[in-house]
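Colleague: Numbering (this note's numbering), first residue to last: -3 to 109. The beta carbon of each residue, even a glycine, is placed where N, CA and C say it ideally should be. This is the structure I want to talk about, given as C-alpha cells.
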DNA sequence: ATAATGACGGGAG
DNA sequence: CCTCCCGCCATTA
C-alpha cells in the first residue's frame, strides 16, 4: 500500500546501516525525502518491531545519540547491549563519540521528487 | 472529523 | 553540553 510504503523506505535505509555505526531518524527521513517526518520514522521503527522485522533498529537513535527507543526493545538493555556488542560505546543511555560512528544514509534523489 | 500521542528536528537561551 | 518551545506527520482513541 502507498501508505505503508513509507515504512518500507525506512526499513530499506535502516537495513543499509553498517555494523558498529549508527544514524539518526532525521537522516533516514531526509534520505527518503521526508526530513520533516522524522517522528514518523520512529513510528515505522516501532512497527518494524511489531512486524518482527530483522532490521538493526538498535543502530537508529535520535539526533543527540540517545537510545530513545531502548524501551521499545524486548528486555530493558537489549538495544544498548546490541550496540556494545558491535563496539559502540554507550554511557548513560547516550552514544559516546556519536559523531565519530555516525553514518549518513545516501540521499536518493529519486525520493526527492 | 477532531484531539491527543510519540523511537524527532531545529532554533533559541 | 542541556532545556524549552514550536512545527511535522502517521497512528490511535
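Counting only the same chain and skipping the five closest in sequence on each side, list residues whose C-beta sits under 8 Å from that of residue 86.
Modeller: 63, 76, 79, 80 and 92
Colleague: Report yes or no: do three or more beta-carbon pairs, one from the stretch 45 to 56 and one from the stretch 8 to 20, lie closer than 8 Å?
Modeller: yes
Colleague: At which residues does the alpha helix (DSSP H) containing residue 95 begin and terminate?
Modeller: 94 to 97
Colleague: In terms of alpha-carbon separation, which member of 24, 100, 60 and 99 lies closest to residue 88?
Modeller: Comparing Cα-Cα distances from residue 88 to each of 24, 100, 60 and 99, the minimum goes to 60.
Colleague: Any idea if residue 38 is buried or exposed, counting beta-carbon neighbours within 10 angstroms, 16 or more meaning buried?
Modeller: The residue is buried, with at least 16 neighbouring Cβ atoms inside 10 Å.
Colleague: Please state the DSSP three-state secondary structure of residue 86.
Modeller: Note: residue 86 maps to strand in three-state DSSP.
Colleague: What is the DSSP secondary structure of residue 108, counted as helix, strand or coil?
Modeller: Caution applies to residue 108, whose pLDDT of 45 falls short of 50 and renders its modelled position unreliable; the value that the coordinates give is listed next. Here residue 108 sits in helix by DSSP.
Colleague: Do residue 28 and residue 9 count as a contact pair if the criterion is CB distance below 9 Å?
Modeller: yes
Colleague: Run through DSSP, which three-state label would residue 28 get?
Modeller: coil
Colleague: Please state whether the Cβ-Cβ distance between residue 30 and residue 5 is less than 9 Å.
Modeller: For residue 30 and residue 5, yes; Cβs fall inside 9 Å.
Colleague: DSSP three-state label for residue 19, please.
Modeller: strand
Colleague: Terminal residues of the continuous alpha helix (DSSP H) containing residue 60?
Modeller: Counting along the chain, residue 60 falls outside any alpha helix (DSSP H), and DSSP gives it neither H nor E.
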